[in-house]
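Numbering (my numbering), first residue to last: 34 to 848.
Written out as structure tokens, the structure is:
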């Protein structure tokens, strides 16, 4: 994209206020992750749920001087404004113009699963055949697709773009913007099916993308897909792929036994080795071969390209490092898109100082000088304290980097220099091409070396929050409960992520938890649910907001407020007792409470209560009684106070089961972590936590021999036993030993045998083929799930998570 403001106004019928000749090459839509302000405009996207215009000030503060908005805000000086009627429609209109005038070959990928994998595989195979542009990450929505299309420049000859929809009537708008010459339909599954009446309706919607395509490539194993595409697009070139031999493209040999697989493509055969033989990977391989053939790649090259394919890693890891550093490990791949993504990720952290390790960019077919000039511009805008460059090529351009810059031929040379291990109190980004093996630097810098890890997927948390928000009115606020170290996941790390994504409140149990967050830079309002008497001065000193549940607590806290010299109305939160009989003011105390509050220099920020049984269908009558009591008592107290505080009573299961009682705010806890007692709701949530370890040793135990302490397990035949480095000191209860609980290896459950030790336990792997030392073991995530693991332990998921030992390394992942 390379337009002046005047060009854009003419294309989209917009109005300009300011410099008409200013050049715009990029459009940013999220003020939090602007990684470059040069030739960048910020678009304030207004939706039914949110207004991007409230973030204009943040964008201007970051250095943006072009704003695209539905309204002019004259208080911002020296800004060029592009005023549009509808921000989303503007973006789509501009993208359509840009795409239609680019004159490049295009591949459009839609479906339920496999879109991003296939896009990345195709890019790996084609970048050196044609100058190629692709969707960054999984930008494929009503906003994401236009932003992807606007990346096209004059040098590109091929574009590979994902197109995603989640509701009816969305694809027609996207096809109007982007009409690919080659359409690729991947697997149709349950993703997004919740918003459609049937699979048939979902298919009808997806295949609208191919209205103007010349060729349609699709998975013909789905008979409904096959029938509909043949009926609707009989005049087009249709190529079906799949496991069934009535497809044009299929596997000719037995894929489970042979080292090589042979793909039958019309009258040709193409053979190549495969390492992963799961159905999804093999199906994607068929689709890949089909698209490559359609683009004219010969068989020999296809085999060569498939053999060179790298696993598609789409995640960044954040790990606690030595010397109070945070290490961001993105050593899986490196191109300009993934560098931009990593730089965006850095903006979610409050560490004032940061360093970068960056390697040569390998496998990009472009002029080195131009490439590294663009790289250095991106890096310089982040104001790194130190930059460590690894590789012959990037080192030639070290003078382009403004930070204190060091150059190294390889990763070993950087390790030997000991420069990295001298860094303190920083965020360190490791960003490199796979061949440089800079994951070795992660091993050098991480604080905990334990093979047993707890992986927390931050994107999944955001997905789960957004799902619950989708059930609420746009105006309803949300408090995230981060007590007990965010249910064992890491209080600061989760809170910082939530703060970045504009959570309204955080809730902690005790003052120390709130103080820790404040000390680390969390500025969101924090409610302390159980402020202890001796902590009131600390509450005030750190600007925390206490729950007040009795007259004794109110009087003692107000005494502390007066002693502190605080001269404003101090925010407090009043807890009402509605039937749980734990803490709170009762109905007969409200007159005295209101009189006391009105005589004090405090402000009731919120009135709330807690549902005891909102997750239990059998207790609906009791829950409705609690809600009725809360409505009556909170309304009465508000009347007596003479002003209207925020009201909230719904917890995670309350949000889903009693949505009509959302009041002004809701509180989310376990729902944020992807757990719901409602099976239908559970399908909509994403798993957040993965507890994993590795196999330390595999032994053959002879018939009749015993395993572990107290000889509680004895074999009845020659048995393969694996030992894994996790035990009750890591949070695994002893009661699930002796074949009560299971762990997962190669997607197969393996029973725990013998007594669980402090640091180890043994599992029976006799029934698992190809198992070997060093293999990954899943304590819980998918198989077994967190809920299944909690069932082994005869407890609830909360207790499982909060019991995981601090010595277990937490890794924070963003897909």
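No residue lacks a Cβ here, since even glycine has one placed at the ideal position from N, Cα and C.
Count the other CB atoms within 10 Å of the CB of residue 579; is the residue buried (16 or more) or exposed (fewer)?
Label assigned to residue 579: buried.
Nearest to residue 40 by alpha carbon, out of 623, 271, 127, 740?
Ranking the options by Cα distance to residue 40, first place goes to 127.
What three-state label does DSSP hand residue 770 in the structure shown?
In the displayed model, residue 770 falls within coil according to three-state DSSP, outside both helix and strand.
With which residues is residue 363 paired in a DSSP beta bridge?
Residue 363 pairs with 464.
Between which residues of its own chain and residue 652 is the CB-CB distance below 7 Å, once the five residues before and five after are set aside?
For residue 652, where only same-chain residues beyond five positions count, the Cβ hits under 7 Å are 646.
In whole angstroms, what is the alpha-carbon distance linking residue 393 and residue 191?
Approximately 24 Å between the Cα atoms of the pair.
Which of the three DSSP states, helix, strand or coil, is assigned to residue 104?
Note: residue 104 maps to coil in three-state DSSP.
For the pair the stretch 620-638 and the stretch 492-509, tell me if three or more CB-CB distances fall below 8 Å.
Too few Cβ pairs lie closer than 8 Å, so no.
How big is the Cα-Cα spacing for residue 692 and residue 483?
Distance between the alpha carbons of residue 692 and residue 483: 43 Å.
Straight-line gap, residue 408 to residue 753 (C-alpha atoms, nearest Å)
Straight-line Cα distance between these residues: approximately 52 Å.
CB contact check: residue 108 to chain B, cutoff 9 Å
You won't find chain B in this structure, because it holds only one protein chain.
Which of helix, strand or coil does DSSP assign to residue 235?
Three-state DSSP puts residue 235 in a helix.
Does the separation of the CB atoms of residue 757 and residue 701 fall below 9 Å?
In this structure, residue 757 sits away from residue 701, with a CB-CB distance that is not shorter than 9 Å.
Cα-Cα separation, residue 800 to residue 809
Taking the straight line from one Cα to the other gives about 16 Å.
DSSP three-state assignment for residue 795, whether helix, strand or coil:
DSSP places residue 795 in strand when its eight states are reduced to three.
Evaluate residue 584 with the Cβ neighbour count: other Cβ atoms within 10 Å of its Cβ, from every protein chain shown; 16 or more gives buried, anything less gives exposed.
With fewer than 16 other CB atoms across the displayed protein chains lying within 10 angstroms of its CB, residue 584 is exposed.
Residue 694 classed as buried or exposed, judged by whether at least 16 other C-beta atoms fall within 10 angstroms
The residue in question, residue 694, is buried, as its Cβ has 16 or more Cβ neighbours within 10 Å.
Hey, how far is the Cα of residue 125 from the Cα of residue 187?
Going from the Cα of residue 125 to the Cα of residue 187 covers about 20 Å.
C-alpha gap between residue 248 and residue 213, whole angstroms:
Going from the Cα of residue 248 to the Cα of residue 213 covers about 9 Å.
Does the beta-carbon of residue 644 have 16 or more other beta-carbons within 10 angstroms, so that it is buried, or is it exposed?
Counting the other CB atoms within 10 Å of its CB gives residue 644 a total of 16 or more, which places it among the buried residues.
Only counting the same chain, and skipping five residues up and downstream in sequence, which positions put a Cβ closer than 7 Å to that of residue 376?
So the list reads 68, 411, 415, once near-sequence residues are dropped.
Short of 8 Å in beta carbon distance, which residues of its chain neighbour residue 665, apart from the five on each side in sequence? Order them along the chain.
Scanning its chain for C-beta atoms nearer than 8 Å, with the 5 sequence neighbours on each side dropped, one finds around residue 665 the residues 620, in chain order.
Which residue spans inside the stretch 64-89 form an unbroken beta strand (DSSP E) run of at least 3?
Fully enclosed beta strand (DSSP E) runs of 3 or longer: 73-76.
Other residues of its chain near residue 47: CB distance less than 7 Å, five sequence neighbours each side excluded:
The answer, listed in chain order, is 41, 115, 116, 117, 123.
Taking C-beta to C-beta, are residue 629 and residue 657 nearer than 9 Å?
It is not a contact, given that the beta carbons lie outside the stated cut-off.
Thinking just about the alpha-carbon of each residue, which of 159, 61, 84, 102 is nearest to the one in residue 50?
Checked all of 159, 61, 84, 102; the closest Cα to residue 50 is 102.
Residue 791 and residue 729: beta carbons closer than 9 Å?
It is not a contact, given that the beta carbons lie outside the stated cut-off.
Is residue 298 helix, strand or coil by DSSP?
In the structure shown, residue 298 sits in a strand (DSSP, three-state: E or B).
4 or more residues per run - each alpha helix (DSSP H) lying fully within the stretch 660-725:
Entirely contained in the stretch 660-725, the alpha helix (DSSP H) runs reaching 4 residues are, in chain order, 685-690, 712-717.
Using only the alpha-carbon positions, how far apart do residue 740 and residue 576 sit?
So the alpha carbons of these two residues sit roughly 55 Å apart.
Integer-rounded CB distance, given that residue 120 should sit under 8 Å from residue 55
Wrong, their Cβ atoms sit about 19 Å apart, outside the cutoff.
When you compare the CB positions of residue 422 and residue 448, do they come within less than 9 Å of one another, or not?
No.
Pull up the DSSP beta-bridge partners for residue 562, would you.
Residue 562 is not bridged to any residue.
For residue 517, three-class secondary structure by DSSP:
Helix.
Within 10 angstroms of its Cβ, does residue 153 collect 16 or more other Cβ (buried), or is it exposed?
Per the 10 Å Cβ criterion, buried.
Leaving out five residues before and five after residue 633 in sequence, what residues of the same chain have Cβ atoms less than 7 Å from its Cβ?
Here the set comprises 591.
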